[in-house]
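**Student:** Count along the sequence shown from 1, then add 706; that gives the number in our numbering.
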Amino acid sequence: MATSEKHPEGQCQCGNIRYRLTGEPLTLYICHCIHCQKQSSSAFGMSLWVNRDEIEFLSGEPKFWTTRGDSGATKICAFCGNCGSRIYHASNNDQEPCSLKAGTLNDTSWLRPIAHIWTKRAQPWVSINQEWYRCFDDEPDDDELLRLWRDSHRST
707 MATSEKHPEG QCQCGNIRYR LTGEPLTLYI CHCIHCQKQS SSAFGMSLWV NRDEIEFLSG
767 EPKFWTTRGD SGATKICAFC GNCGSRIYHA SNNDQEPCSL KAGTLNDTSW LRPIAHIWTK
827 RAQPWVSINQ EWYRCFDDEP DDDELLRLWR DSHRST
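(1) Please give me, in chain order, every unbroken run of the alpha helix (DSSP H) with length at least 4 that falls completely inside the segment 712-738.
(2) For residue 806, which three-state DSSP category applies?
(3) Thinking C-beta only, is residue 733 closer than 9 Å to residue 820?
(4) Short of 8 Å in beta carbon distance, which residues of its chain neighbour residue 770, apart from the five on each side in sequence? Order them along the chain.
(5) Straight-line CA distance for residue 722 to residue 765?
(6) Use the C-beta contact count for residue 738: other C-beta atoms within 10 angstroms, 16 or more gives buried, fewer gives exposed.
(7) Sorted by chain position, which residues of the same chain lie with C-beta nearer than 7 Å to residue 768's C-beta, five sequence neighbours on each side aside?
(8) Verify whether the separation of the beta carbon atoms of residue 746 and residue 809 is less than 9 Å.
(9) Give the C-beta separation of residue 797 and residue 779 to the nearest angstrom, bearing in mind that I take them to be a contact with Cβ-Cβ under 8 Å.
(10) By a C-beta neighbour count over all protein chains shown, 10 Å radius and 16 as the cutoff for buried, is residue 791 buried or exposed?
(11) Residue 744: buried (16+ other C-beta within 10 angstroms of its C-beta) or exposed?
(12) DSSP state of residue 764, grouped into three classes?
(13) Report the residue from 856, 715, 736 whose alpha carbon sits nearest the alpha carbon of residue 836.
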């Protein structure tokens with residue numbers, strides 16, 4: 707983790723839910739799927755994969771609802787019941803990493819995404835530098851995203 711914090715912390719928009727990451731991120735990418743656009747009220751979302759048991763909630767308890775992603779997979783969405791900020795997305799399998807919404811971190815200056823996914827859903831005005839990022843029309847294999855992250859952090 708290239709942050710000044712040993713254990714980065716984050717919170718929802720109103721501060722009701724506060725958390726700390728106790729482990730290393732597994733990957734970070736930018737997602738242009740329709741669900742991420744709606745969830746973020748923007749052109750894309752940033753997804754920081756972390757192991758679920760490495761998110762320590764310091765205050766507040768998230769609420770949950772379930773939907774299906776563009777891939778058709780079930781997605782459990784954790785959010786603040788007070789302000790509605792999305793905290794993370796996860797599958798039904800507790801052993802799989804979850805997708806922390808990276809914008810909820812208190813310090814985002816150290817974040818360096820390795821890819822853009824679902825680019826076929828990207829807004830036409832979004833310009834992606836394909837020399838800097840791997841781009842995928844839809845959802846790539848999880849192992850590819852994990853490998854790209856590991857490769858990008860070998861030299862740091």
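All residues carry an ideal CB built from backbone N, CA and C; glycine is no exception. Note that the structure is predicted; figures quoted are calculated from it, not measured.
**Tutor:** This is what the structure gives:
(1) none
(2) Locating residue 806 in the sequence shown gives position 100, where the first residue counts as 1. Residue state, collapsed to three classes: strand.
(3) On the sequence shown, residue 820 is found 114 positions in, with the first residue counted as 1. On the sequence shown, residue 733 is found 27 positions in, with the first residue counted as 1. Yes, Cβ-Cβ distance for residue 820 and residue 733 is below 9 Å.
(4) To locate residue 770, count along the sequence shown from 1; it is residue 64. Within the same chain, residue 770 has close Cβ partners 782, 783, 784, 785.
(5) By 1-based counting over the sequence shown, the position of residue 722 is 16. By 1-based counting over the sequence shown, the position of residue 765 is 59. If you take the alpha carbons of residue 722 and residue 765, they lie about 7 Å apart.
(6) To locate residue 738, count along the sequence shown from 1; it is residue 32. Looking at its Cβ environment, which holds 16 or more other Cβ atoms inside 10 Å, residue 738 is buried.
(7) As a working note, residue 768 is residue 62 in the sequence shown. Cβ within range, chain order: 723, 784, 785, 786, 793.
(8) Reading the sequence shown from its first residue, position 40 is the one you call residue 746. Reading the sequence shown from its first residue, position 103 is the one you call residue 809. Contact flag set, yes.
(9) Here residue 797 refers to the residue found at position 91 of the sequence shown. Here residue 779 refers to the residue found at position 73 of the sequence shown. That belief holds up - the Cβ atoms of residue 797 and residue 779 are roughly 7 Å apart, short of 8 Å.
(10) For the purposes of this step, residue 791 is taken as the residue at position 85 of the sequence shown. Flag for residue 791 reads buried.
(11) To locate residue 744, count along the sequence shown from 1; it is residue 38. Residue 744 comes out exposed.
(12) Stepping through the sequence shown from its first residue, residue 764 is reached at position 58. Reduced to three states, the DSSP call for residue 764 is strand.
(13) The residue given as residue 836 occupies position 130 in the sequence shown. Answer by Cα proximity: 736.
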